[in-house]
Amino acid sequence: MPTKSELDVFLKPKSVTVIGATERPGSWGSFIMEGLLSRSYPGKIYPVNYQAEQVFGIRAYRDVGSLPESPDLAILTIPAKAVEQAVEECGRKGVKGISIITAGYGEAVQDGKERERELVGLARSYGMRLLGPNVSGSFNLHAEFNGSASPEKHLVKSRLAAVCQGGYAIYDLLAHAFFKGMGVGKFVHTGNESDLTTTDFLEHLGGDPEVEAILMYVEAIKEGKRFLEVAQEISRTKPVIMYKAGQFNASSRAAKSHTGALSGIHEIYQGALAQADILISPTMELLLPLGHALIERPPMDGNRVAILTMGGSWGVALSDTLEAAGLQVPELSETLQSKLRKLGMPVRASVKNPVDIGASGLFFDKKLLLALGRNILTSGEADAIILHGMARPGMLDENPPDRLRLFLEINKEIIRGYAGMEKELGFPVFIGSIFTPWESQVIYDLNKEGLRVYDRLDEIAQILSLMYRYRVR
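For the sequence shown, full-length UniProt numbering begins at 1 and goes up steadily by one.
Here it is in structure tokens:
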């Protein structure tokens, strides 16, 4: 098994050389250099390009042997036919680890696995470890290191880490989640795993105090017994959340051609992962929202959910979605219903659960809405609450600008009030809206503050269900 220092090289190297560094747009040598330069990385960066004197204003070297020191990490962005020689040169120079971006090995050609074994043998003869081949790199925002192709504008530091066998999957998710104020602080793409594996980095991040939960995209697991033992041990103190790809015939074929993985029988995986207390995300898109919820929100101690909404249809739809996810939407007691009515609820409003105030101006009554939430959460009759229908620009846009700003500011104050209530009372509070950060400035602003507004009912239900499952595991 690799040592901590051997794995640290891929997440907080003291110096990096990029072999194949270039300014050519659209090339991996350019992507990696731009990533390294996009942050305040404190280490030395050594571009290797036998033709250029400089790459992005940094002195370039003709070969690894010409470097003034032995870098911790080498990132290879060169054709497959040149990789073996580069690994040899890195070994002679005293490089500690190599991240091989290059594809065209076990995932693509018949003799690819044998060539991977030869690379590993060569690297080990010099005491080096390999990441890949067929990877897109790694990053650690806590150390200002971005040795990946992920654009700086999409990176949001958090106490989540991600270990993925597919690279572009996480990049797309990061780009999407950026607008919701979500992201991961540490990321490793393991690719073909000729040497270092998913399990190695899972174990490494499991002992990392900067990481509170670990997200995983997995197509196939090597060292199954060790993986399950490591995951179960980590799950005792921090969530391990996985999306298992290759569930059906077509996706299993795609996984094999993608990373050379044999994805196995889905039902067997599901049972084994559940026994190891790994949370299975039903979709890739849910990985980041679920991870953030688990590290940001109070625990879900029970499965009873209260709904507060403007409009009966949203209450009905939410109830269906929650119950389909295995949660309960219990009718509130007569005592609590009476309390809620006395707060100033309209006669026509339902207070049974869902609590529906109807399409009225009361949805801008901050005092009423906060009182409703507080009474429900302190009643002992609910373990979480959903406030749905906030930040509705479509209905408000026809108002004069001053009034529109006032309405939207009241929305913000209400949502901030519920966030404060969540921290004070220790119950999960979820804010729902059909609008996205692209459609509502209020939602965009709140997400940037770390106040989550969810635009999909099924996402809220699945997150609450998995939070409860993690709590009672």
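Where a beta carbon is used, it is the ideal one built from N, C-alpha and C, also for glycine.
Give me, in chain order, the residues of the same chain whose beta-carbon lies closer than 6 Å to that of residue i; leave out the 5 immediate sequence neighbours on both sides.
{"i": "G315", "result": "I307, T309, P354 and D356"}
{"i": "P330", "result": "R304"}
{"i": "H154", "result": "L174, A175 and F178"}
{"i": "I221", "result": "F227"}
{"i": "residue 482", "result": "The displayed coordinates of the chain run from 1 to 473. Any statement about residue 482 would go beyond what the structure contains."}
{"i": "P299", "result": "R471"}
{"i": "K244", "result": "V218 and Y269"}
{"i": "K44", "result": "S15"}
{"i": "G302", "result": "D383"}
{"i": "S27", "result": "none"}
{"i": "M1", "result": "none"}
{"i": "T321", "result": "L457, D458 and A461"}
Please look up how many angstroms separate the CB atoms of residue i and residue j, rounded, as I've assumed it's under 8 Å.
{"i": "E6", "j": "G97", "result": "7 Å"}
{"i": "Y105", "j": "A80", "result": "7 Å"}
{"i": "residue 525", "j": "V156", "result": "With the chain running from 1 to 473 in the structure shown, residue 525 is simply not present."}
{"i": "R39", "j": "E152", "result": "7 Å"}
{"i": "F181", "j": "R159", "result": "It should be pointed out that residue 181 corresponds to Gly in this sequence rather than to Phe. 14 Å between Cβ atoms; not a contact."}
{"i": "L130", "j": "D195", "result": "4 Å"}
{"i": "P68", "j": "I58", "result": "So it is not a contact: roughly 13 Å between Cβ atoms."}
Note the first and the last residue of the continuous alpha helix (DSSP H) segment covering residue i.
{"i": "A52", "result": "Neither: A52 is in no alpha helix (DSSP H) and is coded neither H nor E."}
{"i": "V120", "result": "G112 to S125"}
{"i": "F179", "result": "Careful: F179 lies outside any alpha helix (DSSP H) and carries neither H nor E."}
{"i": "M467", "result": "L457 to R471"}
{"i": "L73", "result": "No alpha helix (DSSP H) holds L73; the beta strand (DSSP E) holding it covers L73 to L76."}
{"i": "M33", "result": "W28 to L37"}
{"i": "G380", "result": "No alpha helix (DSSP H) contains G380, which DSSP labels as neither H nor E."}
{"i": "I295", "result": "L287 to E296"}
{"i": "T199", "result": "T198 to G206"}
{"i": "S338", "result": "E334 to K342"}
{"i": "I410", "result": "P401 to L425"}
{"i": "A86", "result": "V83 to K93"}
{"i": "A80", "result": "Note, A80: premise wrong, no alpha helix (DSSP H); not H, not E."}
{"i": "V442", "result": "Q441 to K448"}
{"i": "I234", "result": "G224 to S235"}
{"i": "S5", "result": "K4 to D8"}
I'd like the list of long-range same chain contacts for residue i, defined as Cβ closer than 7 Å, with 5 residues on each side in sequence excluded.
{"i": "S148", "result": "G35, S136, G137, S138, F139 and F187"}
{"i": "A459", "result": "With the sequence shown as reference, residue 459 is identified as Glu, and Ala is not the correct amino acid for it. Closer than 7 Å at the Cβ level, and outside the excluded window around E459, lie L286 and P289."}
{"i": "L332", "result": "V351, K352, N353 and E381"}
{"i": "I170", "result": "A162, C164, F187 and Y217"}
{"i": "V442", "result": "A391, L408, N411 and K412"}
{"i": "Y50", "result": "R62 and D63"}
{"i": "I295", "result": "R159, L160, E212 and A213"}
{"i": "E193", "result": "K222"}
{"i": "S70", "result": "K93, G94 and V95"}
Which residue marks the beginning of the beta strand (DSSP E) containing residue i, and which one marks its end?
{"i": "H388", "result": "A384 to H388"}
{"i": "S15", "result": "S15 to I19"}
{"i": "T309", "result": "V305 to T309"}
{"i": "I214", "result": "A213 to V218"}
{"i": "N146", "result": "F145 to S148"}
{"i": "G432", "result": "V429 to G432"}
Keeping to the same chain, check which residues put their C-beta closer than 8 Å to that of residue i; ignore five residues upstream and five downstream.
{"i": "S125", "result": "G91"}
{"i": "residue 475", "result": "Because the chain here runs from 1 to 473, residue 475 falls outside it and cannot be looked at."}
{"i": "L370", "result": "I414, G417, Y418 and M421"}
{"i": "L228", "result": "A272, L273, Q275 and A276"}
{"i": "G312", "result": "S350, P354, D356 and G358"}
{"i": "R473", "result": "S235 and D277"}
{"i": "F430", "result": "A384, I385, I386, L387, R452, Y454, I460, I463 and L464"}
{"i": "L73", "result": "V9, F10, P13, S15, V16, T17, V95, K96, G97, I98, S99 and G147"}
{"i": "residue 475", "result": "For residue 475 there is no data in the structure shown, the boundaries of the chain being 1 and 473."}
{"i": "residue 492", "result": "Beyond the ends of the chain as shown, which are 1 and 473, falls residue 492; an answer cannot be given."}
Checking contacts by CB at 9 Å: is residue i closer than that to chain C?
{"i": "A103", "result": "Of the protein chains in this structure there is only one, and it is not chain C."}
Pull up the DSSP beta-bridge partners for residue i, would you.
{"i": "residue 528", "result": "Outside the shown range of the chain, which is 1 to 473, sits residue 528, and nothing can be said about it."}
{"i": "D356", "result": "T309 and S350"}
{"i": "S138", "result": "G147 and V188"}
{"i": "K157", "result": "Paired residue(s): none; K157 is not in a bridge."}
{"i": "Q328", "result": "R304"}
{"i": "R59", "result": "Q54"}
{"i": "S99", "result": "I75 and L131"}
{"i": "K44", "result": "S15"}
{"i": "M242", "result": "M216 and I280"}
{"i": "G454", "result": "Per the sequence shown, residue 454 should be read as Tyr rather than Gly. DSSP output for Y454 lists G432 as bridge partner(s)."}
Stretch-stretch touch, CB-based, cutoff 8 Å, three pairs: the segment 370 to 389 with the segment 422 to 442: yes
contact_flag[the segment 341 to 349, the segment 323 to 331] where n(CB pairs < 8 Å) is 3 or more: no
The segment 226 to 244 / the segment 192 to 206 touching (three or more Cβ pairs under 8 Å): yes
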